[in-house]
Structure formats: C-alpha cells, structure tokens
Amino acid sequence: MTNELQFRDPALARSLAATLDRLMREIGRPVAVMHVCGSHEQAIARFGLRSLFPKSLDVIMGPGCPVCVTDVPEVDEGVVLSRQGVRVATFGDMLRVPGTVQSLADAQASGAKIDIVYSPRQAADIARETDEEVVLFASGFETTAVATAAVILNDPPPNFSVLSAHKYIPPVMEIVAEMPGSRVEGFLAAGHAATITGSAVFEPFVARHNVPVVVAGFEPIDILAGLVELLDLIKNGTPRVINMFPRC
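The working numbering numbers the first residue of the sequence shown as 26 and each following residue consecutively.
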C-alpha cells in the first residue's frame with residue numbers, strides 16, 4: 026500500500042470516526058474546535074469527512090484562506106501602485122479581491138499592467154527582463170512567505186520590490202481565542218506551516234489560553250487522527266501542543 030493510500034484507508038477512517046464518537050460520549054457535551062488552514066477545509070469537503078464527525082462535534086472552518094483574509098487597504102495599495110504606472114505581479118486568485126473602489130482585475134481592465142504569476146521567482150524574472158518598476162503583491166501564510174523571502178535574499182534586480190500581504194497564523198489564533206463568547210476549545214494547525222516554523226511556535230499560545238493545538242496533515246487519516254488527539258486532550262484537560270504530522 027502506498028503512503029497516499031495508507032492515509033486514505035476507508036477501514037482506518039471508520040475506526041477513527043468510531044473513536045471520535047466514543048470520545049464525544051465520554052466528554053458528554055458539545056465541543057467546538059477550529060482548523061486554521063484552507064487545505065484542511067478542502068480535504069474535509071473533498072473526502073466528505075463531515076459525514077463522519079459526531080453531531081455534537083463542531084469543526085469550524087477558521088481564517089486559513091489567504092484570499093479571504095487579505096484586507097481592503099492592502100488591495101487598495103496594490104491598485105494605487107498599478108494606477109501610478111507600476112507593474113504589479115500577483116497570484117491569480119488575488120485579482121478579484123475587492124478594494125475600496127477597485128480590485129486588481131478592475132485596474133487591469135482600465136489599462137493597468139497586472140501580471141499573473143505562479144511564484145515569487147517568476148515576478149523577479151519579469152523585473153529582470155524590463156526597465157519598469159515591478160512590485161510583487163505577495164499573499165499567503167508561512168508556506169508562501171518563505172518563497173517570497175527566498176527571492177528577496179537571492180539578489181533580486183533593483184527594479185523589483187514586494188508589497189507584502191503575508192499573514193502569520195499564531196496571531197490569528199490569538200484573536201479567535203480572545204473573542205468574547207468564543208466556543209473554540211482546541212485548534213487543528215497546518216502541517217505544512219509548522220514544517221516552516223516548527224510546532225513550538227504554538228507553545229506560548231497554549232500557555233496563555235490553556236487551549237490544545239494539534240498539528241495535522243491533509244489526508245483523511247491525518248485529519249481524523251488529529252481530531253482524535255485533540256478531543257483526547259480536551260477530555261483530559263491537558264492543553265498541549267502535539268505534532269501529528271511526522272512527515273514534515
């Protein structure tokens with residue numbers, strides 16, 4: 026059995042779902058947890074995992090989509106630059122994120138030079154081939170931030186710069202935990218982000234809020250096993266950081 030099939034094994038998934046049911050019965054009340062990664066939600070939807078979750082377990086989709094958390098002023102900065110004659114390079118999914126007056130797609134339709142790129146390096150390559158000022162409107166979390174940083178550290182051309190809309194997950198979790206009436210009792214953190222930062226970045230959060238954090242991957246077994254570990258920590262009242270993504 027390949028690694029991919031191993032982490033999609035239906036029998037193991039059913040066994041983990043049964044363990045989730047047992048843990049929820051032992052807890053004896055509704056529980057809400059949150060994942061903070063769009064890749065987790067994508068996998069949950071793709072593999073129909075919510076049908077396996079106990080009805081009393083609320084797995085909340087958190088602010089883990091970089092497009093969704095890009096703020097209006099950040100888009101406005103990109104639009105203003107493009108209207109000033111700067112060549113703006115960005116990822117395709119950022120084009121239609123609305124600003125106060127225009128999106129980047131609107132600016133492009135009005136004649137602004139907007140380049141869709143698939144990596145920060147591609148934006149730097151565009152700058153090397155022109156005398157125009159090229160600004161990379163960079164978005165995403167830890168995993169895409171490192172690609173942007175690599176370009177900055179690799180002697181980019183003088184006409185290249187970055188408008189950063191990158192986000193860092195731990196402060197986002199702080200905001201959620203401190204919201205009045207927050208029901209979230211545990212967090213499922215992204216395995217690929219923790220590969221960049223290490224899982225220890227969540228230790229201060231756990232110490233402040235007494236809320237467990239489990240780092241998990243993105244296959245069905247990863248997510249179900251991560252939820253099992255999270256519920257076990259909640260049941261036992263032992264807030265800790267657990268890394269369930271040893272493949273990182």
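In this text, a Cβ means the ideal position worked out from N, Cα and C, and glycines have one as well.
Any idea what DSSP makes of A114, helix, strand or coil?
By 1-based counting over the sequence shown, the position of residue 114 is 89. Here A114 sits in strand by DSSP.
Looking at the unbroken beta strand (DSSP E) that takes in F212, where does it start and where does it end?
Counted from its first residue, the sequence shown places residue 212 at position 187. Per DSSP, the continuous beta strand (DSSP E) segment holding F212 begins and ends at V209 to A215.
Since V209 and M59 are thought to touch, with beta carbons under 8 Å apart, how far apart are those beta carbons, to the nearest angstrom?
The count along the sequence shown starts at 1 and reaches residue 209 at position 184. The count along the sequence shown starts at 1 and reaches residue 59 at position 34. With 8 Å as the limit, V209 and M59 qualify as a contact, their Cβ atoms being about 5 Å apart.
Looking only at its chain, what residues have a beta carbon closer than 8 Å to the beta carbon of P88, apart from the 5 residues adjacent to it on each side?
For this step, residue 88 is matched to residue 63 along the sequence shown. Excluding residues within five positions, the ones whose Cβ falls inside 8 Å are V61, V94, V197 and V201.
Suppose you measure from the CA of F166 to the CA of I221; what does that come to, to the nearest Å?
One-based indexing of the sequence shown puts residue 166 at position 141. One-based indexing of the sequence shown puts residue 221 at position 196. Cα-Cα distance, rounded: 10 Å.
Do three or more CB pairs link the segment 146-158 to the segment 183-190 at distances below 8 Å?
The segment 146-158 is in contact with the segment 183-190.
Using alpha carbons as the reference points, say which of M204, S164, I246 and F270 lies closest to L45.
Taking the first residue of the sequence shown as 1, we reach residue 45 at position 20. If we check each option's Cα against that of L45, I246 comes out closest.
Can you tell me the Cα-Cα spacing of G251 and L74, whole angstroms?
To locate residue 251, count along the sequence shown from 1; it is residue 226. To locate residue 74, count along the sequence shown from 1; it is residue 49. Between G251 and L74, the C-alpha separation is close to 13 Å.
With S224 and V240 assumed to form a contact (beta carbons below 8 Å), what rounded beta-carbon distance in angstroms separates them?
Here residue 224 is taken as the residue at index 199 of the sequence shown, counted from 1. Here residue 240 is taken as the residue at index 215 of the sequence shown, counted from 1. Going by Cβ atoms, the distance from S224 to V240 rounds to 5 Å, so yes, they are a contact pair.
I need the straight-line Cα distance from P145 to L213, nearest angstrom please.
As a working mapping, residue 145 is identified with position 120 in the sequence shown. As a working mapping, residue 213 is identified with position 188 in the sequence shown. Taken atom to atom, the span from the alpha-carbon of P145 to that of L213 is near 28 Å.
Can V142 and G124 be called in contact, C-beta distance under 8 Å?
As a first step, residue 142 must be located in the sequence shown, where it is residue number 117. As a first step, residue 124 must be located in the sequence shown, where it is residue number 99. No; because the gap between Cβ atoms is not below 8 Å, this pair is not in contact.
Expressed to the nearest angstrom, what Euclidean distance is found between the alpha-carbon atoms of A174 and C90?
Stepping through the sequence shown from its first residue, residue 174 is reached at position 149. Stepping through the sequence shown from its first residue, residue 90 is reached at position 65. When rounded, the distance between both Cα atoms is 20 Å.
Got a sec, what are the start and stop residues for the beta strand (DSSP E) M59 sits in?
For the purposes of this step, residue 59 is identified with residue 34 of the sequence shown, where counting begins at 1. Where M59 is concerned, the enclosing beta strand (DSSP E) stretches over V56 to H60.
Ordered list of alpha helix (DSSP H) runs contained in the segment 143-175, each at least 4 residues:
Here the runs fully enclosed are 145-153.
Beta-carbon separation of V176 and L106 under 8 Å?
As a working note, residue 176 is residue 151 in the sequence shown. As a working note, residue 106 is residue 81 in the sequence shown. Cβ distance not < 8 Å, so V176 and L106 don't count as in contact.
Does DSSP classify M269 as helix, strand or coil?
To locate residue 269, count along the sequence shown from 1; it is residue 244. Residue state for M269 is assigned as coil, using DSSP reduced to three classes.
Spatial neighbours of A170 within its chain, please: CB distance less than 7 Å, with the 5 preceding and 5 following residues excluded, ordered by chain position.
For the purposes of this step, residue 170 is taken as the residue at position 145 of the sequence shown. Listed in chain order, the non-local C-beta contacts of A170 below 7 Å within the same chain comprise H191, local neighbours out to five positions each way being set aside.
Using C-beta distances below 6 Å, list every residue in its chain close to L77, excluding the 5 sequence neighbours before and after it, in chain order.
Translated into positions along the sequence shown, residue 77 becomes position 52. Closer than 6 Å at Cβ, skipping near neighbours: A42.
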